[in-house]
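Asks: Below you will find the structure I want to go over with you.
There are 2 protein chains.
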Amino acid sequence: MSERLLLNVLRGQTGTRMPIWMMRQAGRYLPEYRQTRAQAGSFLDLCYNPELACEVTLQPIRRFGFDGSILFSDILVVPHALGQDVRFEEGIGPILPAMGVEEIDAMIARFGDDPSSFDRHLDPVIETVERLRAALPDEVTLLGFCGAPWTVATYMVGGRGSPDQAKARLFALQKPDAFARLIDLLVKASERYLSRQIEAGVDAVQIFDSWAGSLSPSSYERWTVDPIKRMTAGLRRSHADTPVIGFAKGAMHDLGRFVAETGVQTVGLDWTIDVAAARKQVPSSMVTQGNIDPQLMIVGGAALDAAVDRMKEGAAGLPHVANLGHGITPDGRIENVERFIARVREGS
Amino acid sequence: MSERLLLNVLRGQTGTRMPIWMMRQAGRYLPEYRQTRAQAGSFLDLCYNPELACEVTLQPIRRFGFDGSILFSDILVVPHALGQDVRFEEGIGPILPAMGVEEIDAMIARFGDDPSSFDRHLDPVIETVERLRAALPDEVTLLGFCGAPWTVATYMVGGRGSPDQAKARLFALQKPDAFARLIDLLVKASERYLSRQIEAGVDAVQIFDSWAGSLSPSSYERWTVDPIKRMTAGLRRSHADTPVIGFAKGAMHDLGRFVAETGVQTVGLDWTIDVAAARKQVPSSMVTQGNIDPQLMIVGGAALDAAVDRMKEGAAGLPHVANLGHGITPDGRIENVERFIARVREGS
Numbered sequence: 232m233s234e235r236l237l238l239n240v241l242r243g244q245t246g247t248r249m250p251i252w253m254m255r256q257a258g259r260y261l262p263e264y265r266q267t268r269a270q271a272g273s274f275l276d277l278c279y280n281p282e283l284a285c286e287v288t289l290q291p292i293r294r295f296g297f298d299g300s301i302l303f304s305d306i307l308v309v310p311h312a313l314g315q316d317v318r319f320e321e322g323i324g325p326i327l328p329a330m331g332v333e334e335i336d337a338m339i340a341r342f343g344d345d346p347s348s349f350d351r352h353l354d355p356v357i358e359t360v361e362r363l364r365a366a367l368p369d370e371v372t373l374l375g376f377c378g379a380p381w382t383v384a385t386y387m388v389g390g391r392g393s394p395d396q397a398k399a400r401l402f403a404l405q406k407p408d409a410f411a412r413l414i415d416l417l418v419k420a421s422e423r424y425l426s427r428q429i430e431a432g433v434d435a436v437q438i439f440d441s442w443a444g445s446l447s448p449s450s451y452e453r454w455t456v457d458p459i460k461r462m463t464a465g466l467r468r469s470h471a472d473t474p475v476i477g478f479a480k481g482a483m484h485d486l487g488r489f490v491a492e493t494g495v496q497t498v499g500l501d502w503t504i505d506v507a508a509a510r511k512q513v514p515s516s517m518v519t520q521g522n523i524d525p526q527l528m529i530v531g532g533a534a535l536d537a538a539v540d541r542m543k544e545g546a547a548g549l550p551h552v553a554n555l556g557h558g559i560t561p562d563g564r565i566e567n568v569e570r571f572i573a574r575v576r577e578g579s
Numbered sequence: 232m233s234e235r236l237l238l239n240v241l242r243g244q245t246g247t248r249m250p251i252w253m254m255r256q257a258g259r260y261l262p263e264y265r266q267t268r269a270q271a272g273s274f275l276d277l278c279y280n281p282e283l284a285c286e287v288t289l290q291p292i293r294r295f296g297f298d299g300s301i302l303f304s305d306i307l308v309v310p311h312a313l314g315q316d317v318r319f320e321e322g323i324g325p326i327l328p329a330m331g332v333e334e335i336d337a338m339i340a341r342f343g344d345d346p347s348s349f350d351r352h353l354d355p356v357i358e359t360v361e362r363l364r365a366a367l368p369d370e371v372t373l374l375g376f377c378g379a380p381w382t383v384a385t386y387m388v389g390g391r392g393s394p395d396q397a398k399a400r401l402f403a404l405q406k407p408d409a410f411a412r413l414i415d416l417l418v419k420a421s422e423r424y425l426s427r428q429i430e431a432g433v434d435a436v437q438i439f440d441s442w443a444g445s446l447s448p449s450s451y452e453r454w455t456v457d458p459i460k461r462m463t464a465g466l467r468r469s470h471a472d473t474p475v476i477g478f479a480k481g482a483m484h485d486l487g488r489f490v491a492e493t494g495v496q497t498v499g500l501d502w503t504i505d506v507a508a509a510r511k512q513v514p515s516s517m518v519t520q521g522n523i524d525p526q527l528m529i530v531g532g533a534a535l536d537a538a539v540d541r542m543k544e545g546a547a548g549l550p551h552v553a554n555l556g557h558g559i560t561p562d563g564r565i566e567n568v569e570r571f572i573a574r575v576r577e578g579s
C-alpha cells in the first residue's frame, strides 16, 4: 500500500476514510484560477503552459486539501495534437472544423508515418505532470486523464457539442467504416498519451466519456465500451499497477456491463443514480466514484448535506471516491465546496 | 375489445400483429405538411386552427396507414393557455419569458379564480379532436397528449430548452416550494386538458416527459414520478377505460419504479435501451412502446432492419407498440418510414 489514500482506494482498499476530489476542481469558480487564466492567452495556451497549468492544478489542493489532484488540461488536446484545428469560444465551448472521411484518412496516415509529432505537441502537458509530481505533497494522488474515443470523435466529426451529439451519431451510422478507423486512431493515440502521463508521474488515469448517454445499445457497445476496453487492456499490459477510472456520463442504465466488459477498476457515476442503486449493479470489489449533483455546489444547505449522506450510506464499507456527478460549474460556491468536504469527512 | 388494434394493445391485448405509430408523424419530413404549414401563420397559429391541424394530423394516416393518429398540437399550449407568452423561433425552438415566484403565484391565482379562460383558450384544440374522430377511419386509434408537469415547467422557468435544463433544475433546488406550487398547477391544468381531449374523442393519451433524464433520483421522484402518478390516478377516476402512456425520455435506468409508481398502462422507451432489457424491468402484462432511433429514419438500410428486428424479438409475445424512440426529424426520409412499417408488419 502507498501512503496515498486515494490511490489505495482506487486499488480497492476499504476500511479507510473516503477520499475526495472534484471534477473540474481547477476552474472558473475559483478567483485564483480566474486570475491565472487572465495571464494566459487562449484556453489552449493555458493547457500548454507548464508553469501556469501546474499553478492552476495546485490551487484547489492548497485551498481545500483534496486527496486527489487532476492534471489541468482538456480532452481536445488529443485531436489538436493530431493536427485538427481546435478553439474555445466563450459561452459556446469548443469549435472544430467538422472532419469528413478524407480528413480522417489523412490524419491516420500522418500519425502512422510519424507519431513523434503527436508526442512533441503534447510535451508541455507531460512537463506539467512532472512539475506537478514534484510540487504536490507526497500524500496527494495525481490523476491523469483523456477523453474516451467516442466523446473526442463526436467533436471531431460534429464540430462542437450539442444535446445529443446528433451529427456525430449520424456520421457513425452512415459511415461506420471511416468512423471505426477514426476510433481506432483515437484508441492508439489516447493510450500512448496516457502511457506518457503515467511515465511522467500520474498515479491513476480517468477516461471521460461525456457523451456516452446518447447512444443506442449496439452503438454504445461498439463506440463506448469496446474502445475503452482496448485502452484499458493496453494500459494494463504496459502499466499494470495504474488504476483506470471509466466515466460514461449519461449511461447509468448499464453499469454492470460497462464494468464487466471495459475492465476499468473504478466506475464514475453521474448524479442521475443513487450510489446504493449503482452498487447493486457492480461487484462489491469494484470502486465507485461520484456523484453529487454539481448544482448542489450552487445551492448548498440541507439539500447538499442530504445528498452527501445518501452517497456515504450507499457506499458504506465499500471502496468509493467522493466526487461530483460532473464538473463543478463557474457559479459553484466555495463555501459549498468546503461544506461538501467537511460533510464527507464528518464521523470518519 | 374494440375494433381498434392499437387501443386493444394499449389495454394489454396480445396475440395480434404489432400496431405502429410514430412520434411527430405529422411533421416537417412530409412535403404535404410543409405545404399546409406554409398556409398557417405561426406554428402556434397552426396548433389553434382546427381545419389545418386536422389536415396535418390526417396526412400521415393517408400516406402510411398508421394504426394510431396523434393530435397535432404542442406541449406548450398549456402554459400558453395559462397566460404565459410562448413563441417558436426557427432553428432555436420555443422561447418563453422565464417566470419567477411572483409570476407563478399570479398564474395560480388567475387559474383558481376562473379556469374557464384556460378552457376557452384550448377550445380550438378540442374542436380539432372532434373533427379528427369524425374524419378518421374507424379502425384508427386517436391519441391525445400533453407534456408532463416537469418538462412543461422547465420551459416555464427556464425560458427555453437546453442540454440538461440546468436553469430549471436549479430553480427547483433553490425554490422548491414555489416550484411545487407550479407543478401542482400543471397537474391540475393538464389533467383537465386531457379529460377534455378524452371527452372529445381520443382513445388514449400520452404524457411526454422529454426532460426527465437530467434529474437526480430524489428530484426525479418528486418532479417526474409523483406528478405523473397524480395525473394518471385522476384520469383513472374520471375515465377508467382510457389508457395512459408515460414516456420519460432519458430515464431508462429506472423503468421498474416508473411503471410501478406512476400507474401508467404503457411505458415509452427511448433508443438507448434494448426492448428486451426494458421488458426485464417491467411486469409482462405491461405495454411497452418504442424505440427505433429516429436517426435510422435518415439512414435506412440494413441498420434500420436490424433495429426493427431487435425490437420485434425483444417484445415477442408481449404487448408492444412499434414506434420511434423520439420524434422523427425533418431530415427523416419517407422511404425509410415505409421500410420501417413494412419490416414491422413482415411475417405477422
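Chains U and V supply the protein sequences, listed in that same order. Take the first sequence: its position 178, counting from 1, is numbered 409 in this note's numbering, and each next residue is one higher. Take the second sequence: its position 313, counting from 1, is numbered 544 in this note's numbering, and each next residue is one higher. Positions of the beta carbon are idealized from the N, C-alpha and C atoms, including for glycine. These numbers come from a predicted model, not from an experiment.
Give a yes or no on whether the C-beta atoms belonging to U/Leu241 and U/Ile476 are separated by under 8 Å.
Replies: For the purposes of this step, residue 241 of chain U is taken as residue 10 along the first sequence, with counting starting at 1. For the purposes of this step, residue 476 of chain U is taken as residue 245 along the first sequence, with counting starting at 1. Between U/Leu241 and U/Ile476, the C-beta gap is smaller than 8 Å, which places the two residues in contact.
Asks: Whose C-beta lies closer than 8 Å to the C-beta of V/Gln290 among residues of the same chain, with five residues either side of it excluded?
Replies: Here residue 290 of chain V refers to the residue found at position 59 of the second sequence. Correct list, in chain order: Ala257, Leu261, Glu263, Tyr264 and Thr267.
Asks: Put U/Glu320 into one of helix, strand or coil per three-state DSSP.
Replies: Taking the first residue of the first sequence as 1, we reach residue 320 of chain U at position 89. U/Glu320 falls in the strand class under three-state DSSP.
Asks: Say whether the stretch 325-336 of chain U touches the stretch 348-356 of chain U, bearing in mind that this needs 3 or more beta-carbon pairs closer than 8 Å, one atom from each stretch.
Replies: Counting Cβ pairs under 8 Å, fewer than three are found: no touch.
Asks: At the level of alpha carbons, what is the spacing between U/Asn554 and U/Asp524?
Replies: Translated into positions along the first sequence, residue 554 of chain U becomes position 323. Translated into positions along the first sequence, residue 524 of chain U becomes position 293. Taking the straight line from one Cα to the other gives about 9 Å.
Asks: Between which two residues does the alpha helix (DSSP H) harbouring U/Gly465 extend?
Replies: Here the question's residue 465 of chain U lines up with position 234 in the first sequence. It spans Asp457 to Ser469 - the alpha helix (DSSP H) in which U/Gly465 sits, taken as one unbroken run.
Asks: Can you tell me the Cβ-Cβ gap for U/Arg255 and U/Ile559, rounded? I've got them flagged as a contact below 8 Å.
Replies: Within the first sequence, the letter at position 24 stands for residue 255 of chain U. Within the first sequence, the letter at position 328 stands for residue 559 of chain U. Yes, they are in contact, since the Cβ atoms of U/Arg255 and U/Ile559 sit about 5 Å apart, within 8 Å.
Asks: Is any beta-carbon of chain U found at less than 8 Å from that of V/Val530?
Replies: Residue numbering aside, residue 530 of chain V sits at position 299 when the second sequence is read from its first letter. True, the Cβ-Cβ gap to chain U drops below 8 Å.
Asks: In chain V, which residues lie with their C-beta within 8 Å of the C-beta of U/Arg564?
Replies: By one-based count along the first sequence, residue 564 of chain U stands at place 333. Within chain V, no residue has its CB atom less than 8 Å from the CB of U/Arg564, the nearest being about 12 Å off.
Asks: For U/Arg423, count the other beta carbons within 10 Å of its own beta carbon; 16 or more makes it buried, fewer makes it exposed. Which is it?
Replies: Sequence index remark: in the first sequence, residue 423 of chain U carries index 192 (1-based). Buried, because 16 or more other Cβ atoms sit within 10 Å of the Cβ of U/Arg423.
Asks: Where does V/Lys511 land, buried or exposed, given buried means 16+ other C-beta within 10 angstroms?
Replies: Here residue 511 of chain V refers to the residue found at position 280 when the second sequence is read from its first residue. Result: exposed.
Asks: Taking Cβ positions only, does V/Asp540 come closer than 8 Å to chain U?
Replies: Locating residue 540 of chain V in the second sequence gives position 309, counting from the first residue. It does not; no Cβ of chain U falls within 8 Å.
Asks: Going along the stretch 436-466 of chain V in order, which residues come within less than 9 Å of chain U, judged by CB to CB distance?
Replies: Gly444, Ser445, Leu446, Ser447, Pro448, Ser449, Ser450 and Tyr451
Asks: Could you tell me whether the stretch 450-458 of chain V touches the stretch 408-427 of chain V, where touching means 3 or more Cβ pairs closer than 8 Å?
Replies: In short, these stretches touch, since the Cβ pair count reaches three.
Asks: In chain U, which residues lie less than 7 Å from V/Leu394 when you measure between Cβ atoms?
Replies: If you number the second sequence from 1, residue 394 of chain V lands on position 163. For clarity, residue 394 of chain V is Pro in the given sequence; the question names Leu instead. Under the 7 Å cutoff, chain U gives Pro394.
Asks: What is the C-beta distance between U/Val317 and U/Leu302, in whole angstroms, given that I count them as a contact (C-beta under 8 Å)?
Replies: Counting from 1 along the first sequence, the entry for residue 317 of chain U is found at position 86. Counting from 1 along the first sequence, the entry for residue 302 of chain U is found at position 71. Actually they do not touch by this definition, with Cβ atoms about 18 Å apart.
Asks: Kindly give me the distance between the Cβ atoms of U/His557 and V/Ile504, rounded to whole angstroms, as I take these residues to be in contact under 8 Å.
Replies: Against the first sequence, residue 557 of chain U aligns to sequence position 326. Against the second sequence, residue 504 of chain V aligns to sequence position 273. Rounded to the nearest angstrom, the Cβ distance from U/His557 to V/Ile504 is 22 Å, too far for a contact under 8 Å.
Asks: If we ignore side chains and look at the alpha-carbon of each, how far apart do V/Gly499 and U/Ile429 end up?
Replies: Along the second sequence, one-based indexing puts residue 499 of chain V at 268. Along the first sequence, one-based indexing puts residue 429 of chain U at 198. For V/Gly499 and U/Ile429, the distance between alpha carbons rounds to 45 Å.
Asks: What are the boundary residues of the alpha helix (DSSP H) that includes V/Ile306?
Replies: Mapped onto the second sequence, residue 306 of chain V falls at position 75. Premise fails: V/Ile306 is in no alpha helix (DSSP H) and is neither H nor E.
Asks: Measure the beta-carbon distance from V/Gly378 to V/Ala329 and round it to whole angstroms, keeping in mind my assumption that it falls under 8 Å.
Replies: Working through the second sequence from its first residue, we reach residue 378 of chain V at position 147. Working through the second sequence from its first residue, we reach residue 329 of chain V at position 98. Contact doesn't hold; Cβ gap of about 17 Å is too wide.
Asks: Report all residues from its chain with a CB closer than 7 Å to the CB of U/Ala366; omit the five preceding and five following residues, and keep chain order.
Replies: Locating residue 366 of chain U in the first sequence gives position 135, counting from the first residue. The residues are Cys285 and Leu289.
Asks: What runs of the beta strand (DSSP E), each 3 residues or longer, lie entirely inside the stretch 473-523 of chain U?
Replies: Listed in chain order, the complete beta strand (DSSP E) runs (minimum 3 residues) inside the stretch 473-523 of chain U are 475-479, 497-499 and 518-523.
Asks: Using a Cβ-Cβ cut-off of less than 8 Å, give me the residues of the stretch 500-518 of chain V that come near chain U, in sequence order.
Replies: Trp502, Thr503, Ile504, Asp505 and Ala508
Asks: Rounded to the nearest angstrom, what separates V/Val568 and V/Leu313 at their Cα positions?
Replies: Within the second sequence, the letter at position 337 stands for residue 568 of chain V. Within the second sequence, the letter at position 82 stands for residue 313 of chain V. C-alpha separation (whole angstroms): 36 Å.
Asks: Going by Cα to Cα distance, which pick from V/Ala399, V/Ile323 and V/Leu373 is closest to V/Asp298?
Replies: Walking along the second sequence from the start, residue 298 of chain V turns up at place 67. Considering only alpha carbons, the answer is V/Leu373.
Asks: Taking the Cβ atom as the reference point for each residue, do V/Val436 and V/Phe342 lie within a distance shorter than 8 Å?
Replies: Counting from one through the second sequence, the residue named residue 436 of chain V turns up at place 205. Counting from one through the second sequence, the residue named residue 342 of chain V turns up at place 111. Not closer than 8 Å, so no.
Asks: Closest by CA to V/Gly432, which one among V/Ala537, V/Ala573, V/Thr493 and V/His470?
Replies: Here residue 432 of chain V corresponds to residue number 201 of the second sequence, with the count starting at 1. Closest by alpha carbon: V/His470.
Asks: Can you give me the Cβ contacts of U/Ile357 inside the same chain, cut-off strictly under 6 Å, excluding the 5 residues immediately before and after it?
Replies: Working through the first sequence from its first residue, we reach residue 357 of chain U at position 126. If we look at U/Ile357 and ignore the five residues flanking it on each side, its Cβ neighbours are Arg427 and Ala431.
Asks: Determine the chain U residues that contact V/Ala379 at a beta-carbon separation under 7 Å, and present them in chain order.
Replies: To locate residue 379 of chain V, count along the second sequence from 1; it is residue 148. What V/Ala379 touches in chain U: nothing, since even the nearest Cβ is about 17 Å away.
Asks: According to DSSP, simplified to helix, strand and coil, what is U/Pro325?
Replies: Position 94 of the first sequence, counted from the first residue, corresponds to residue 325 of chain U. Looking at U/Pro325 - three-state DSSP - the assignment turns out to be strand.
Asks: Spatial neighbours of V/Val539 within its chain, please: C-beta separation below 7 Å, excluding the five flanking residues on both sides.
Replies: Position 308 of the second sequence, counted from the first residue, corresponds to residue 539 of chain V. Taken in chain order, the residues that qualify are Ile523, Phe571, Arg574 and Val575.
Asks: Based on Cα-Cα distance, which residue from V/Asp472, V/Asp434, V/Ala420 and V/Ser447 lies nearest to V/Ile459?
Replies: On the second sequence, position 228 is the one that residue 459 of chain V refers to. Checking every option, the nearest Cα to that of V/Ile459 belongs to V/Ala420.
Asks: V/Ser445 and V/Asp395: beta carbons closer than 8 Å?
Replies: One-based indexing of the second sequence puts residue 445 of chain V at position 214. One-based indexing of the second sequence puts residue 395 of chain V at position 164. Contact: yes.
Asks: Name the chain U residues that come within less than 9 Å of V/Arg400, Cβ to Cβ?
Replies: In the second sequence, the residue the question calls residue 400 of chain V occupies position 169. For V/Arg400, the chain U residues whose Cβ falls inside 9 Å of its Cβ are Asp524 and Gln526, in order along the chain.
Asks: Where does the unbroken beta strand (DSSP E) through V/Phe376 begin, and where does it stop?
Replies: Within the second sequence, numbered from 1, the residue matching residue 376 of chain V stands at position 145. Looking at the DSSP string, the run of the beta strand (DSSP E) that includes V/Phe376 is Thr372 to Gly378.
Asks: Assuming U/Ala482 and U/Ala443 make a contact with CB atoms under 8 Å, what is their CB distance in whole Å?
Replies: Stepping through the first sequence from its first residue, residue 482 of chain U is reached at position 251. Stepping through the first sequence from its first residue, residue 443 of chain U is reached at position 212. Contact flag correct, Cβ pair sits at about 4 Å.
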